[in-house]
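Undergrad: Can you keep this structure in mind? I'll have questions shortly.
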Amino acid sequence: MASEPTVAELRELVAEFRPNAGHVLPSLNKVQETYGYISRRAIEVVARQLNTTPALIFGAVSYYSDFRTTPPPETEIAWCSGPACRLKGGDRIREAIQHTLQLPLNGHSDDHEYGFHLGQCNGTCTEAPQVWVNGKVVGNLTVAKAIELARDVKADS
Ligand code: FES
Numbered sequence: 121m122a123s124e125p126t127v128a129e130l131r132e133l134v135a136e137f138r139p140n141a142g143h144v145l146p147s148l149n150k151v152q153e154t155y156g157y158i159s160r161r162a163i164e165v166v167a168r169q170l171n172t173t174p175a176l177i178f179g180a181v182s183y184y185s186d187f188r189t190t191p192p193p194e195t196e197i198a199w200c201s202g203p204a205c206r207l208k209g210g211d212r213i214r215e216a217i218q219h220t221l222q223l224p225l226n227g228h229s230d231d232h233e234y235g236f237h238l239g240q241c242n243g244t245c246t247e248a249p250q251v252w253v254n255g256k257v258v259g260n261l262t263v264a265k266a267i268e269l270a271r272d273v274k275a276d277s
């Protein structure tokens, strides 16, 4: 699991952003891209940098489902909930993976080795139904392939 960045590291990371300049989302995106999540400490640093309140920054973090406030698991399977994937059996893929991993959607194993996450269409619908494993598309899934994938992820942890 990634360690939490320090205040100094976070300050340096968001130093380019300014108050009243539409920088809330760009600064949050930068924090998440760099550390994989947005910690409470990061929310406070961003708020100070943008001369606003942590409550306002937390509001933005909680509004957008792509932001996370806890570190990502070592291996993350993201399930595409978009229309093309669902039309091609995505719900059965989700059920198969959840059953195999014994996890709820947006849950992770106790040791944080693997997790299962809700994703949105990324435009690669020709490979529907699909999931992403640490961001890499695994497409044209069948239920059997999804179970095999989930078993492999579980066995590797
Ligand atoms: S609907 Fe799943 S990739 Fe577009």
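Here the sequence shown is numbered in my numbering, starting from 121 and rising by one per residue.
Cβ atoms here follow ideal geometry from the backbone N, Cα and C, with glycine treated the same way.
Terminal residues of the continuous beta strand (DSSP E) containing ALA198?
TA: Numbered from 1 along the sequence shown, position 78 holds the residue referred to as residue 198. Unbroken beta strand (DSSP E) run through ALA198: 195-200.
Undergrad: Do VAL251 and LEU243 come within 9 Å of each other at the CB atom, strictly closer than that value?
TA: Looking up residue 243 in the sequence shown gives position 123. Looking up residue 251 in the sequence shown gives position 131. With the sequence shown as reference, residue 243 is identified as Gly, and Leu is not the correct amino acid for it. No, Cβ-Cβ distance for GLY243 and VAL251 is not below 9 Å.
Undergrad: Keeping to the same chain, check which residues put their C-beta closer than 6 Å to that of CYS245; ignore five residues upstream and five downstream.
TA: Here the question's residue 245 lines up with position 125 in the sequence shown. Only ALA204 meet the Cβ criterion.
Undergrad: Tell me which residue opens and which closes the alpha helix (DSSP H) that LEU238 is part of.
TA: Position 118 of the sequence shown, counted from the first residue, corresponds to residue 238. Premise fails: LEU238 lies in the beta strand (DSSP E), 234-239, not in any alpha helix (DSSP H).
Undergrad: Taking the beta strand (DSSP E) that LYS256 falls in, what are its first and last residues?
TA: If you number the sequence shown from 1, residue 256 lands on position 136. Its beta strand (DSSP E) spans residues 256-258.
Undergrad: Bridge partners for GLN251 per DSSP, in chain order?
TA: Counting from one through the sequence shown, the residue named residue 251 turns up at place 131. Reading off the sequence, residue 251 comes out as Val, not Gln. VAL251 is bridged to TRP199, VAL258.
Undergrad: Hey, would you say the C-beta of ASN260 is under 8 Å away from at least one heavy atom of ligand 1?
TA: Against the sequence shown, residue 260 aligns to sequence position 140. False, no ligand heavy atom lies under 8 Å from that Cβ.
Undergrad: Report the residue from SER185, VAL258, LEU176, ASN254 whose alpha carbon sits nearest the alpha carbon of GLY210.
TA: As a first step, residue 210 is located in the sequence shown; it is residue number 90 there, counting from the start. Per the Cα distances, VAL258.
Undergrad: Using 8 Å as the cut-off, classify the Cβ of GLY209 as near or not near the heavy atoms of ligand 1, replying yes or no.
TA: Counting from one through the sequence shown, the residue named residue 209 turns up at place 89. It does not: the Cβ of GLY209 is nowhere closer than 8 Å to a heavy atom of ligand 1.
Undergrad: Would you check whether ligand 1 has a heavy atom nearer than 8 Å to the C-beta of THR189?
TA: To locate residue 189, count along the sequence shown from 1; it is residue 69. No; taking the cut-off as 8 Å, the Cβ of THR189 has no heavy atom of ligand 1 nearer than that.
Undergrad: Short check: CB of GLU196 to CB of TYR234, under 9 Å?
TA: The residue labelled residue 196 in the question sits at position 76 within the sequence shown. The residue labelled residue 234 in the question sits at position 114 within the sequence shown. Contact: yes.
Undergrad: In this structure, does DSSP put HIS219 in helix, strand or coil?
TA: In the sequence shown, residue 219 corresponds to position 99, counting from 1. The answer is helix: DSSP assigns HIS219 an H, G or I state.
Undergrad: On a CA-only basis, which of LEU170, LYS150, TYR155 is nearest ASN140? Give me that one, please.
TA: One-based indexing of the sequence shown puts residue 140 at position 20. It is LEU170.
Undergrad: Could you give the distance in angstroms between the alpha-carbon of PHE178 and the alpha-carbon of LEU225?
TA: Within the sequence shown, numbered from 1, the residue matching residue 178 stands at position 58. Within the sequence shown, numbered from 1, the residue matching residue 225 stands at position 105. Their backbone Cα atoms lie some 22 Å apart in a straight line.
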